[in-house]
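Report on the following structure.
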Amino acid sequence: MLEQHRLGTDGPAVTRLGFGSMGLRGPRTWGVRTVDEARAESVLNSVLDAGINFIDTATVYGIAEERIGRYLSSRRSEFRIATKCGRTAVQHADHLEIQPAWSRDSILQNIESSLLRLQTDFIDLLQFHGGDYQQLRQAGLIDLLHDKKSEGVIGQVGVSTQLPAARELIESGAFDVVQLPFSCLAPEHSQLLGLASARGMGTIVRGGIAQGGPQAEIQREKLNAVWSRAKLDEVLPAGMRPAEFILRYTLSQKHVNTTIVGTANLAHLSENVAAAKRGGLPSELEREITHRVAEVLQEDRD
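Following the numbering used here, the numbering of the sequence shown begins with 90 at its first residue and continues without gaps.
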């Protein structure tokens, strides 16, 4: 069984390993990888079969929402769905152009579209897709989502964000859940995860594996350099893949309720589930990783 945490003080129980659906966005979006319908169906059902009960998506992730609705609507009681609002997508011949859309009409259209595509009448968690607190408050958009929560359309109100906007959003007290980027190689939001948790908010980590490492599906040169300079190969346990190492470091963080990991590779999905079942890293190893990476980041600041 996968470990579960409550998504905030009053939130639902979710598996600490969640699934990020951006990789199921389909063709003519961005990047070079595409996933056909058969693979999308197989991956999504395998996610639930593995015991994962939390899926994150967005209205601008191509056809990801549509695929979740198409292939999982008959299993809706088995998972919590988190999606995002505040952006629109313009489809061009060969790519998807994403634009911010911070108006009441746009948010209502996002909600209607998500419900239709997901083939559901209830969104467990609706997150603003970026934005800053003053902008969202002055436009009445935070009140709008809370109204939808009161109506029973939304279970929790959240925001997917990062520094510098993240701190004010967390301190505002307006949100049930916050989603932040984090990994052992990119720990800049660590204190904010703790702050959110102390305030009773649910915490979601994105990029837990994608945020660097020599075996990440998406390679990032800057973060790979952190791995190398911190000499993490020296402390990587024998037989452990870097992806497991990074994932289990994230799971070692007590303030993380769930970390969403996206993949369209069934072997990687199975490896992630197996790693999550092993739980966090030993505390001494977790502290050593933290120390090594902190030294590298401090060198960059000096």
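For every residue, glycine included, the Cβ atom is placed at its ideal position computed from N, Cα and C.
For clarity, every value in this text was computed on a predicted model and none was experimentally measured.
By a C-beta neighbour count over all protein chains shown, 10 Å radius and 16 as the cutoff for buried, is arginine 114 buried or exposed?
-> buried
Between the beta-carbon of leucine 358 and the beta-carbon of serine 135, is there less than 8 Å?
-> yes
Compare the Cα-Cα distances from alanine 314 to each of Asp99, Val385, Gln188 and Asp391 and report the closest residue.
-> Val385
DSSP-derived helix/strand/coil call for glycine 109 | Secondary structure at glycine 109: strand, using DSSP grouped into helix, strand and coil.
Coarse secondary structure for valine 266, derived from DSSP in three states | Three-state DSSP puts valine 266 in a strand.
What does a CB cutoff of less than 6 Å around valine 362 pick up in its chain, not counting 5 residues either side in sequence?
-> Ala139
Alanine 171 to isoleucine 157, Cα distance in whole Å?
-> 11 Å
Compare the beta carbon distance of alanine 353 and glycine 175 with 8 Å and say whether it is the shorter of the two.
-> no
So is valine 179 buried or exposed if we call it buried at 16+ other beta carbons inside 10 Å?
-> exposed
With 16 as the cutoff for other CB atoms within 10 Å, does phenylalanine 211 come out buried or exposed?
-> When all chains shown are included, phenylalanine 211 counts as exposed.
Using the rule of at least 16 other Cβ atoms within 10 Å of the residue's Cβ for burial, across every protein chain shown, is alanine 287 buried or exposed?
-> exposed
Could you tell me which uninterrupted beta strand (DSSP E) segments, each at least 3 residues in length, are contained entirely in the stretch 134-196, listed from first to last along the chain?
-> 143-145, 169-174, 176-180 and 185-189
Environment of proline 116 [buried if 16+ CB atoms lie within 10 Å] | exposed
Specify the secondary structure class of leucine 234 as computed by DSSP and reduced to three states.
-> Three-state result, leucine 234: helix.
Going along the chain, which residues of its own chain have a beta-carbon closer than 8 Å to the beta-carbon of aspartate 125, five neighbours each way excluded?
-> none
If we ignore side chains and look at the alpha-carbon of each, how far apart do isoleucine 196 and glycine 368 end up?
-> If I take the Cα positions, the gap works out to 38 Å.
Mind checking who alanine 275 pairs with in its DSSP beta bridge?
-> Ser272, per the DSSP bridge assignment.
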